[in-house]
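Contents: one structure, followed by commentary.
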Amino acid sequence: MSFAEEVKNEAAHIPVEDAACRTAELAALLCMGGSLLPGSDGCAGLEFSTSNNAVARKALSMWRHSFSIRPEVLVRRGRRLRKKNYYILRIPPAMESTAALRSLTLFPAEEAFQGLELRRDDCRRSFLRGAFMGGGSVNQPQGDYHLELMTGNKEFARLLLKLMHHFHLSAKMTDRKGDYLVYVKEGNGVSSFLQQIGAVQAYLKFESVRVVKDMRNNVNRVVNCETANLQKTVNAAVRQTADIERIRDSGRYHLLSPRLQEAAELRLAHPEATMGEIAALSGITKSGLSHRFKKIATIAKEIEGMEHHEITNTQ
Numbered sequence: 001m002s003f004a005e006e007v008k009n010e011a012a013h014i015p016v017e018d019a020a021c022r023t024a025e026l027a028a029l030l031c032m033g034g035s036l037l038p039g040s041d042g043c044a045g046l047e048f049s050t051s052n053n054a055v056a057r058k059a060l061s062m063w064r065h066s067f068s069i070r071p072e073v074l075v076r077r078g079r080r081l082r083k084k085n086y087y088i089l090r091i092p093p094a095m096e097s098t099a100a101l102r103s104l105t106l107f108p109a110e111e112a113f114q115g116l117e118l119r120r121d122d123c124r125r126s127f128l129r130g131a132f133m134g135g136g137s138v139n140q141p142q143g144d145y146h147l148e149l150m151t152g153n154k155e156f157a158r159l160l161l162k163l164m165h166h167f168h169l170s171a172k173m174t175d176r177k178g179d180y181l182v183y184v185k186e187g188n189g190v191s192s193f194l195q196q197i198g199a200v201q202a203y204l205k206f207e208s209v210r211v212v213k214d215m216r217n218n219v220n221r222v223v224n225c226e227t228a229n230l231q232k233t234v235n236a237a238v239r240q241t242a243d244i245e246r247i248r249d250s251g252r253y254h255l256l257s258p259r260l261q262e263a264a265e266l267r268l269a270h271p272e273a274t275m276g277e278i279a280a281l282s283g284i285t286k287s288g289l290s291h292r293f294k295k296i297a298t299i300a301k302e303i304e305g306m307e308h309h310e311i312t313n314t315q
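All the letters of the sequence shown, read from the start, carry residue numbers 1 to 315 under UniProt numbering.
Structure (structure tokens):
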């Protein structure tokens, strides 16, 4: 089972006793996962579908709690590889259906959610919970942090974005092939969303995985940094040793000043030491050592140029 399905299962089992919150949750759930069915004489119905059994039961339970009209319940076998069952709740177009959809502020479509009770935070949370159950998704906590709500209704998407911003979630909105996507792409935002919709167990699982993941990332960063620093130390030591040996091989080592010879002897005696370690051993500052090795490098380069010139002239 995916993490998104776990979240939906948990959300579907959260009881909603308050009538206004139940209306908000059911309205968002049906809008996200359903579509209006036009009928004659201005009547309307609705068809809702989901592959999550718990969500289907929750939608049916909330509908029956609020309205006397009974939906048709269908189960269809998916045609794809995994062949999930799809649970369909169908409310046929009728005057009573239209009245129910109006009370949910889902009809007419162009006036959706106008007059819906969303002034209280508990109703706002219920609305977001319903939207996620109806068409939300979230990545496994072990992967990249990403949670999204997708809908074909632009005004619905804007309302979702507004509510998420109300709870200080760093949500953004974009369009994708005619649909509108409201998403969060950072760990704190995903974690906070799970808290807001009341998915406590999913939140705890997400946070436990996230803590381990962040610790591993921090350890990797430290190791990578130490590896890079070690490589820099090795490269510097090899380069400095090569410069000193070039000067020695040329027979000009005795021409170095006592200060430069001191630095050269320290490096040859401690070929794997860092500049800081050599500085601590010798009492010379790191900047002083760096200055001396730069002079040695300049002399070695001059010798290399002279040798190249001599070879060229003899050919």
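Backbone N, C-alpha and C fix where the C-beta goes; we use that ideal spot for every residue, glycine too.
Exposed unless 16 or more other CB atoms sit within 10 angstroms - verdict on L230: Locating residue 230 in the sequence shown gives position 230, where the first residue counts as 1. So L230 counts as exposed.
Under 8 Å between C-beta atoms of I296 and A263: Sequence index remark: in the sequence shown, residue 296 carries index 296 (1-based). Sequence index remark: in the sequence shown, residue 263 carries index 263 (1-based). A contact, by the Cβ cut-off of 8 Å.
Own chain partners of L161 with C-beta closer than 7 Å, once the 5 adjacent residues on each side are dropped: The residue you call residue 161 lines up with position 161 of the sequence shown. Once the five neighbours on either side are set aside, the close Cβ partners of L161 are A171, M173, V182.
Beta-carbon proximity check, A237 vs E10, cutoff 8 Å: Within the sequence shown, numbered from 1, the residue matching residue 237 stands at position 237. Within the sequence shown, numbered from 1, the residue matching residue 10 stands at position 10. No, the Cβ-Cβ distance between A237 and E10 is not below 8 Å.
Range covered by the alpha helix (DSSP H) that runs through I69: Working through the sequence shown from its first residue, we reach residue 69 at position 69. Unbroken run through I69: none, as it is neither H nor E.
Helix, strand or coil at A171 according to DSSP, with G and I counted as helix: Translated into the one-based positions of the sequence shown, residue 171 becomes position 171. If DSSP states are grouped into helix, strand and coil, A171 belongs with coil.
N235 versus L281 - alpha carbon distance: Working through the sequence shown from its first residue, we reach residue 235 at position 235. Working through the sequence shown from its first residue, we reach residue 281 at position 281. Taking the straight line from one Cα to the other gives about 20 Å.
Beta-carbon proximity list for D122, same chain, < 8 Å, skipping 5 on both sides: As a first step, residue 122 is located in the sequence shown; it is residue number 122 there, counting from the start. Once the five neighbours on either side are set aside, the close Cβ partners of D122 are D18, C21.
The beta strand (DSSP E) enclosing F48, as first and last residue numbers: As a position in the sequence shown, residue 48 is number 48, starting the count at 1. Per DSSP, F48 belongs to the beta strand (DSSP E) from 44 to 50.
F206 versus S191 - alpha carbon distance: Numbered from its first residue, the sequence shown carries residue 206 at position 206. Numbered from its first residue, the sequence shown carries residue 191 at position 191. Near 7 Å, if we compare the C-alpha coordinates of S191 and F206.
Cutoff 6 Å; reference K58; Cβ partners in own chain excluding five residues on either side: On the sequence shown, residue 58 is found 58 positions in, with the first residue counted as 1. Here the set comprises A12.
Which listed residue (Q201, K154, R124, M215) has its alpha carbon closest to that of E6: Within the sequence shown, the letter at position 6 stands for residue 6. Selected option, being the one with the closest Cα: Q201.
Bridge partners - D179, DSSP secondary structure assignment: Within the sequence shown, numbered from 1, the residue matching residue 179 stands at position 179. DSSP output for D179 lists R176 as bridge partner(s).
Three-pair Cβ contact test at 8 Å for the segment 95 to 112 versus the segment 22 to 32: yes
Chain-order list of residues whose beta-carbon lies under 8 Å from that of K213 (same chain, five-residue window excluded): Position 213 of the sequence shown, counted from the start, is the residue given in the question as residue 213. The residues are P141, Q142.
Whether S257 touches M275 by CB criterion (8 Å): The residue labelled residue 257 in the question sits at position 257 within the sequence shown. The residue labelled residue 275 in the question sits at position 275 within the sequence shown. Cβ distance not < 8 Å, so S257 and M275 don't count as in contact.
First and last residue of the uninterrupted beta strand (DSSP E) at T151: By one-based count along the sequence shown, residue 151 stands at place 151. Its beta strand (DSSP E) spans residues 147 to 151.
Contact check, V138 vs L128, beta carbons under 8 Å: One-based indexing of the sequence shown puts residue 138 at position 138. One-based indexing of the sequence shown puts residue 128 at position 128. Not in contact: V138 and L128 (Cβ atoms no closer than 8 Å).
Cβ shell of L169 (< 8 Å), same chain only, five flanking positions each side left out: Within the sequence shown, numbered from 1, the residue matching residue 169 stands at position 169. If we look at L169 and ignore the five residues flanking it on each side, its Cβ neighbours are V184, G189, S192, F193, Q196.
Beta-carbon gap between S40 and K84 smaller than 8 Å: Start at 1 with the first residue of the sequence shown, and residue 40 comes out as number 40. Start at 1 with the first residue of the sequence shown, and residue 84 comes out as number 84. Cβ atoms of S40 and K84: not closer than 8 Å.
Bridge partners - A94, DSSP secondary structure assignment: Here residue 94 is taken as the residue at index 94 of the sequence shown, counted from 1. In the DSSP output, where bridge partners are listed per residue, A94 has A44.
Alpha-carbon to alpha-carbon, M306 and L266: Taking the sequence shown and counting its residues from 1, the one referred to as residue 266 is at position 266. Taking the sequence shown and counting its residues from 1, the one referred to as residue 306 is at position 306. Their backbone Cα atoms lie some 27 Å apart in a straight line.
Exposed unless 16 or more other CB atoms sit within 10 angstroms - verdict on V95: Position 95 of the sequence shown, counted from the start, is the residue given in the question as residue 95. The sequence shown places Met at residue 95, rather than the Val named in the question. By the neighbour-count rule (16 or more Cβ atoms within 10 Å), M95 is not buried but exposed.
Supposed close pair A54, K8 - CB separation, criterion 8 Å: Counted from its first residue, the sequence shown places residue 54 at position 54. Counted from its first residue, the sequence shown places residue 8 at position 8. A54 to K8, Cβ: 7 Å. Contact.
Inter-residue CB distance, G115 and G152 (contact presumed, cutoff 8 Å): In the sequence shown, residue 115 corresponds to position 115, counting from 1. In the sequence shown, residue 152 corresponds to position 152, counting from 1. Not a contact, Cβ separation roughly 22 Å.
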